[in-house]
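K.L.:
A single structure is presented below for examination.
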Amino acid sequence: MASQQDSSAYWSKNISIIKGCLIVWFVASFGMAILFRPMLAGIGVGGTDLGFWFAQQGSILVFLVLIFFYAWRMNKLDVEFGVDEE
1 MASQQDSSAY WSKNISIIKG CLIVWFVASF GMAILFRPML AGIGVGGTDL GFWFAQQGSI
61 LVFLVLIFFY AWRMNKLDVE FGVDEE
């Protein structure tokens, strides 16, 4: 990364990826498990309702997927800006 403009563009894209991941995380953990639980009560998953499932397991699985997505997307961004680790 040679210039200040490249650095600013890199961090701008990085922050937008982080914001997107945080929005997905919030909706999956807080939204589905707490806010939308009454609406999800009629949908059954594994012998329980979907809201309870998200509170107990679903949000953890979404978080794990977000970790791998973030690593994959940041590797692509690093290659794009020439700061990859080869």
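According to full-length UniProt numbering, numbering within the sequence shown proceeds without interruption in unit steps and concludes at 86.
Virtual Cβ for every residue (Gly too), placed ideally from N, Cα, C.
Quantities reported herein were computed from a predicted structural model and do not represent experimental measurements.
Mind listing, in chain order, the continuous alpha helix (DSSP H) runs of no fewer than 4 residues lying wholly within the UniProt domain "Sodium symporter small subunit" (8-84)?
P.N.:
Counting only runs of 4 or more, we get 37-40, 50-53 and 59-81.
K.L.:
Excluding sequence positions up to five away, which residues of its chain have a Cβ less than 7 Å from the Cβ of A41?
P.N.:
Within the same chain, A41 has close Cβ partners D49 and G51.
K.L.:
Report back the beta-carbon spacing between F63 and W11 to the nearest angstrom; my notes put them in contact at under 8 Å.
P.N.:
So it is not a contact: roughly 24 Å between Cβ atoms.
K.L.:
Taking Cβ positions, are L77 and K13 nearer each other than 9 Å?
P.N.:
Yes, the pair counts as a contact, with Cβ atoms nearer than the cut-off.
K.L.:
Near L66, which residues of its chain fall below 7 Å by C-beta distance, leaving aside the five closest residues on each side in sequence?
P.N.:
Answer for L66: C21, V24 and W25, listed in chain order.
K.L.:
Which value, in whole angstroms, describes the spacing of the CA atoms of G82 and G47?
P.N.:
Each residue's Cα considered, the two are about 49 Å apart.
K.L.:
Going by Cα to Cα distance, which pick from Q4, A55 and E86 is closest to S29?
P.N.:
Among Q4, A55 and E86, the Cα nearest to that of S29 is on A55.
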